[in-house]
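A.B. asks: Protein chains in written order, with this note's numbering: chain R, 1 to 169; chain V, 1001 to 1110; chain E, 2001 to 2464; chain B, 3001 to 3119.
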Amino acid sequence: MSFEQVVFILVAAGTLGAALLVVTTRNLIHAALWLIAALFGVAILFVFLNAGFFGVVQIVIYIGAIAILMIFAIMLTRQISSEKSARFNKNWLWAFFISIIFFAGIAYILSLWPEFGTTKPILSAEIDPVKQLGVALVSPQAYLLAFELASVLLLAALIGAVIIAWEQR
Amino acid sequence: MGAEVRKTMIPISWFLIFAAALFSIGLFGVLSRKNAILILMGIELMLNAVNINLIAFWRYRDSLDISGQAFAVMVFAVAAAEVAVGLAIFISVYRRRGTISADEIDLLKW
Amino acid sequence: MPWNGHREITLQVNKADGNFSSAFCVLFRLNALRKFTGKKEYRTGEVPGENMTDPITWIANWLETILEGIGLPVGIMVLILTVLGVLIVVIFVLAIDIFLVWMERKVVARFQDRLGPNRVGPYGLIQPIADVIKLIIKEDTTPKGADVLIYNIAPVIALASVLIIWAVIPFTPTLVGAEVNIGVLFIVAFGGIGTLAIIMAGWSSNNKYALLGAFRTVAQVISYEIPMVIALLIPVIFAGTMSIQGIVNSQELWNIVIAPVAAAILLVSSIAEIGRTPFDLLEAESEIVAGFHIEYSGMKFGLFYAGELLHALTIGALFSTLFLGGWRGPFVEQIPVLGIFYLFGKAFLVYFLIMWIRYSLPRIRIDHMLNFNWKFLTPLALIALMVTAILDKLLTDFSNITYAVIMLVVNLVLIWAVIMVLRIYASGERKKVGELKPTANADAVLSTFGKDVSSAQETSGAST
Amino acid sequence: MLDEHWLYIGVFLVLAPIFATVPIIIPRFIAPKKPNPIKLEAYECGIETVGDTWVQFRVQYYIFALVFLIFDVEIVFLYPWAVAFDLLPLFAIFEGILFILILLAGLIYLWKRGALEWT
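Next up, the structure:
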């Protein structure tokens, strides 16, 4: 087993463990912090995929902004710990089986795919994916519309969320 | 190493299985938790699993075809918008009903 | 350039940028790397570090030959050299960090017409070491009701997140930490993790002041991150890469000359980001008794303190790298090791500027701070970004000097316009305040006062 | 796949926390440890703590975090555009400008609506 594979397995196991704690822990702040750990693990895996840009964007957006927003929301709704109430709702056993079956199903379907075990040569140093992405995002033949629409979507989300969350004084 | 072309040691299957596991964990969280913010966290995990898949396919299929990355960018935008609006709704609901337990928020039942 | 589909353009990109990432060797990993990755090996004479002008590269090569002599596999050798390189950088930075305490105290003393530490060692130089020993042997309390694990992890993350930023800062032309193609965002990302440490500290202390301080901090730091991220876009536009070494290389002329507005925005928002006066609401000793680290004592407090000081120097290094040419200076091409001195000289200069601001200005109010960010700095940064982007594209065919002059002039016009807008705004505000202000006339003062009292009585009467 | 620069950052990521942990570990062995109930009370200027630590926070904190999140995402989108800047024709630059203008429109809307006021 190579060095890379060992690191991958450690990171992946850590990420999945953190994700499991997110969905099982009682304390909401702990759940948020475990979510951050899981998101950090995913960021490292992006780096493994030669997508360093997405690795740091993951940290900037998810950890630097979304997680903080969640912590703020937890503080504002004052339900830090749900020790009094049950950890799960009454359907949790069903949820558990559905998730297991879902995972098994995907794994089975994937294993039928002929390219399942593909490995690829390392990305040449002459390719800069960020530059490619930048060109693609503003080129009319590619993703210009999606790019501008994303901006409008975010604007709508901004205005909508502010109106909903705002209390008139 | 050397003259032969170095291959990555990690086959695509590892990433796909990892993403599937992460997605399932997120799905479990969404279906089983009571607190609405925790449900949102489950959704975030699922979106991350999707992103891992998108980037993995970009990397292992055709590195010059940037579609996978472009879609991952869109997923980031959607995730941010969803979290912003979702949490705003929860705060608003909490202010009115004093709870954000998904079982008790049943305004849209009728 | 023909515009026929993004794929062709992408291919052109790749050809044009052939020397993009392999141009510089990495700290402590010279030839081994090239063997490892199958890249072209250096020929003798090509490597700047063949003689004593670049001692660190020379030592790296020397170590490498020794390790090769032992017959280690290349992979393990690369790993050992990487670990060594990281150790050297971390220890170097931490050693500087300890003496920053001395420097900060000495400078603040001079600003306040005092002497500062001068008892332990010559000029009090040993003082910080005495401080460290004192912090280490001090009792370490964990408050009742604290979340112990998070409480202990928070200071570690606070210091580590600052240390990690030094991984991407280039020291000399040859001595690059990690030249990744997303260096600028990397810095923003780990700045964000520092914020997280503050939330963790504030929340886990189980103390109202700590939590309040943490919330204020986060409101401030995240607000000021927006103009900072926008200002960082401008050097990226000039260099066409997010790699920090790439940005330094692109600065034949320092960026501050062609983008002074962006530089000013970056400096101001960085000061807010590290929470120094005038933006030190997060600590505000007189209001919320030091904020998020109120419950910390001993070395855990020391880590927050060290992290804060180091962050200030890091901001200095970052600012000088992005806007003041980084390691650039006379003779640096011939003697690369000079770059370290240039970089740290500039970094300490910026650090001194930050201290100067800190000890000259009072703290501002939280609503003013947020207004200043959202209603002034962010729109200004967006306008500067748009102007720079359009001009940079329009001026591609011009010579470098014309380009620089036009950029400078446009920036100066922008600054002038901003000052004009501020003057109009300020005179408006002054009028508003002036109408209410009582005059020196005693009767007028009394009548105003009396009116206030009567109006207050009226309102209270109306409410009851 | 793990290229050497990322390896360097990875080692940094492992070593920096270790370096930060050591100064916390050492006092465990040499510092005195004499806790007593009063020493462990939360320090709130000598006054005994009243009530829960989770005081109600203003919703304004959330609003600012929200505005930050949206702006952050939008600006991060501009980074690939800035990196590819030299290759883009003029109209592609104006597409970026349009993007920024949409952002600015959001800011002006919030400003006019008063959502950016602290009080």
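Note that the Cβ used here is the ideal one computed from N, Cα and C, for glycine as well.
Keep in mind the model is a prediction, meaning the values are calculated, not measured.
Just list the residues that DSSP pairs residue 1033(V) with in beta bridges.
C.D. replies: Residue 1033(V) pairs with 88(R).
A.B. asks: Starting from residue 2392(E), trace the alpha helix (DSSP H) both ways and give me its first and last residue.
C.D. replies: Residue 2392(E) -> alpha helix (DSSP H) spans 2378 to 2394.
A.B. asks: In its own chain, which residues sit with a C-beta less than 7 angstroms from the C-beta of residue 1050(V), not counting the 5 before and 5 after it?
C.D. replies: These residues qualify, in order along the chain: 1075.
A.B. asks: Are three or more beta carbon pairs between the region 57 to 64 of chain R and the region 158 to 168 of chain R nearer than 8 angstroms?
C.D. replies: Counting Cβ pairs under 8 angstroms, fewer than three are found: no touch.
A.B. asks: Just checking: is the beta-carbon of residue 1041(V) within a distance shorter than 8 angstroms of some beta-carbon in chain R?
C.D. replies: Cβ-Cβ to chain R under 8 angstroms: yes for residue 1041(V).
A.B. asks: So for residue 1063(V), helix, strand or coil by DSSP?
C.D. replies: Residue 1063(V): coil per DSSP, three-state reduction.
A.B. asks: So if I threshold CB-CB distances at 9 angstroms, which residues from the region 3086 to 3113 of chain B count as touching chain E?
C.D. replies: Those residues of the region 3086 to 3113 of chain B that come within reach of chain E (Cβ to Cβ, closer than 9 angstroms) are 3086, 3087, 3088, 3089, 3090, 3091, 3092, 3093, 3094, 3096, 3097, 3100, 3101, 3103, 3104, 3107, 3108, 3110 and 3111.
A.B. asks: Of the choices 49(R), 10(R), 53(R) and 28(R), whose alpha-carbon is the least far from that of residue 2189(E)?
C.D. replies: The shortest C-alpha separation from residue 2189(E) is found at 53(R).
A.B. asks: Can you pull out the residues from the region 137 to 148 of chain R whose beta carbon lies closer than 8 angstroms to at least one beta carbon of chain B?
C.D. replies: If the cut-off is 8 angstroms between Cβ atoms, the region 137 to 148 of chain R has 137, 138, 139, 144, 147 and 148 near chain B.
A.B. asks: With respect to the alpha helix (DSSP H) encompassing residue 2127(E), which residues constitute its N-terminal and C-terminal limits?
C.D. replies: 2127 to 2136 is the extent of the alpha helix (DSSP H) around residue 2127(E).
A.B. asks: Which residues in the same chain have their Cβ closer than 8 angstroms to the Cβ of residue 73(R), if we skip the five residues on either side of it in sequence?
C.D. replies: There are no such residues.
A.B. asks: Three or more C-beta pairs closer than 8 angstroms, one from the region 1025 to 1040 of chain V and one from the region 20 to 40 of chain R: is that the case here?
C.D. replies: Touching, yes, given that three or more Cβ pairs across the two stretches are closer than 8 angstroms.
A.B. asks: Would you please state the rounded distance, in angstroms, between the beta carbons of residue 2135(E) and residue 2298(E)? I believe it to be under 8 angstroms.
C.D. replies: Indeed, because the Cβ distance is near 6 angstroms, the residues count as touching under 8 angstroms.
A.B. asks: Between the Cα of residue 2258(E) and the Cα atoms of 2062(E), 2406(E) and 2076(E), which residue gives the shortest distance?
C.D. replies: Out of 2062(E), 2406(E) and 2076(E), 2406(E) has the C-alpha closest to the C-alpha of residue 2258(E).
A.B. asks: Report the CB separation of residue 2343(E) from residue 2171(E) in whole angstroms; it is logged as a contact under 8 angstroms.
C.D. replies: The pair is a contact, with the Cβ atoms about 6 angstroms apart (cut-off 8 angstroms).
A.B. asks: Against chain E, which members of the region 53 to 64 of chain R pass a CB distance test of less than 8 angstroms?
C.D. replies: Per Cβ criterion, the list reads 53, 55, 56, 57, 59, 60, 63 and 64.
A.B. asks: Assign residue 1101(V) to one of three DSSP states: helix, strand, or coil.
C.D. replies: Strand, per DSSP.
A.B. asks: On the criterion of 16 or more Cβ atoms from any shown chain inside 10 Å, does residue 3004(B) qualify as buried, or is it exposed?
C.D. replies: By the neighbour-count rule (16 or more Cβ atoms within 10 Å), residue 3004(B) is buried.
A.B. asks: Whole-angstrom Cβ separation of residue 2346(E) and residue 2324(E), contact assumed at under 8 angstroms?
C.D. replies: Confirmed, about 5 angstroms.
A.B. asks: Is there a Cβ from chain R that is less than 8 angstroms from the Cβ of residue 3069(B)?
C.D. replies: Yes, its Cβ sits closer than 8 angstroms to a Cβ of chain R.
A.B. asks: Would you please state the rounded distance, in angstroms, between the beta carbons of residue 1040(V) and residue 1087(V)? I believe it to be under 8 angstroms.
C.D. replies: Correct: roughly 7 angstroms between the Cβ atoms.
A.B. asks: Would residue 1056(V) and residue 1017(V) qualify as a contact pair, given that the criterion is a beta-carbon distance under 8 angstroms?
C.D. replies: For residue 1056(V) and residue 1017(V), no; Cβs fall outside 8 angstroms.
A.B. asks: Below 8 angstroms between beta carbons: does that hold for residue 2236(E) and residue 2184(E)?
C.D. replies: Result yes, Cβ atoms of residue 2236(E) and residue 2184(E) sit closer than 8 angstroms.
A.B. asks: I want to verify the contact list: residues of chain B whose CB lies under 8 angstroms from the CB of residue 166(R), in sequence order.
C.D. replies: Result: 3059, 3063 and 3115.
A.B. asks: Are the beta-carbon atoms of residue 3015(B) and residue 2090(E) separated by less than 8 angstroms?
C.D. replies: A contact, by the Cβ cut-off of 8 angstroms.
A.B. asks: Classify residue 1965(E) as buried or exposed, calling it buried when 16 or more other Cβ atoms lie within 10 Å of its own Cβ.
C.D. replies: What is shown of chain E runs 2001 to 2464, which leaves residue 1965(E) out entirely.
A.B. asks: Helix, strand or coil for residue 2243(E)? Go by DSSP, reduced to three states.
C.D. replies: Note: residue 2243(E) maps to coil in three-state DSSP.
A.B. asks: If the criterion is Cβ atoms closer than 8 angstroms, does the pair residue 1091(V) and residue 77(R) meet it?
C.D. replies: In this structure, residue 77(R) lies closer than 8 angstroms to residue 1091(V) by Cβ.
A.B. asks: Could you give the distance in angstroms between the alpha-carbon of residue 2249(E) and the alpha-carbon of residue 3020(B)?
C.D. replies: Residue 2249(E) and residue 3020(B): Cα-Cα distance of roughly 33 angstroms.
A.B. asks: Would residue 2230(E) and residue 2370(E) be called neighbours here (beta carbons separated by less than 8 angstroms)?
C.D. replies: Not in contact: residue 2230(E) and residue 2370(E) (Cβ atoms no closer than 8 angstroms).
A.B. asks: Please say whether residue 1077(V) and residue 3073(B) have beta carbons closer to each other than 8 angstroms?
C.D. replies: Yes, they are a contact pair.
A.B. asks: Between the region 2196 to 2213 of chain E and chain R, which residues of the former have CB atoms less than 9 angstroms from a CB of the latter, in chain order?
C.D. replies: Under the 9 angstroms Cβ criterion, the region 2196 to 2213 of chain E contributes 2196, 2199, 2200, 2203, 2204 and 2211.
A.B. asks: Under 8 angstroms, Cβ to Cβ, is there at least one residue of chain B near residue 1091(V)?
C.D. replies: Interface residue, yes.
A.B. asks: Does DSSP put residue 1001(V) in a helix, in a strand, or in coil?
C.D. replies: Caution applies to residue 1001(V), whose pLDDT of 35 falls short of 50 and renders its modelled position unreliable; the value that the coordinates give is listed next. Coil.
A.B. asks: Does the beta-carbon of residue 41(R) have 16 or more other beta-carbons within 10 angstroms, so that it is buried, or is it exposed?
C.D. replies: Burial call: buried.
A.B. asks: Secondary structure at residue 2324(E), three-state DSSP: helix, strand or coil?
C.D. replies: Residue 2324(E): coil per DSSP, three-state reduction.
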